[in-house]
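In what follows, a structure is listed as structure tokens, so that the remarks can point back to it.
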Amino acid sequence: MKSRSNSFAELLEVDPKRIEIVVGHGGRDKLLSVMDLNKSDLLAKLGL
């Protein structure tokens with residue numbers, strides 16, 4: 079079975095260490111942060 083640990087990073091073409099996903103932790107509003115990738119590029123890579 080192929081490892082899926084880097085699938086999201088591969089889709090975004092970034093190092094997996096550059097991605098932070100936080101959901102409902104300590105009152106933080108941040109849900110997704112990808113260092114060195116701006117919002118429009120992120121949306122394009124996600125097909126949005």
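In case it helps, our numbering puts the sequence shown at residues 79 to 126.
Note that the Cβ used here is the ideal one computed from N, Cα and C, for glycine as well.
If you're wondering where the values come from, they're calculated on a predicted model, not measured in any experiment.
*Pick from A122, G125 and M113: whose alpha carbon is nearest that of I97?*
Position 19 of the sequence shown, counted from the start, is the residue given in the question as residue 97. Of A122, G125 and M113, the residue nearest in Cα terms is M113.
*Identify the residues that DSSP records as bridge partners of V112: which are they?*
For the purposes of this step, residue 112 is taken as residue 34 along the sequence shown, with counting starting at 1. Assignment of beta-bridge partners to V112 by DSSP yields I97.
_Whole angstroms are fine: how far does the CA of D107 sit from the CA of V101?_
Position 23 of the sequence shown, counted from the first residue, corresponds to residue 101. Position 29 of the sequence shown, counted from the first residue, corresponds to residue 107. Distance between the alpha carbons of V101 and D107: 8 Å.
*Whose CA, out of E88, G125 and V92, lies closest to the CA of S115?*
In the sequence shown, counting from the first residue as 1, residue 115 sits at position 37. Here the sequence assigns Leu to residue 115, which means Ser is not the residue at that position. Measuring from the Cα of L115, the nearest candidate turns out to be V92.
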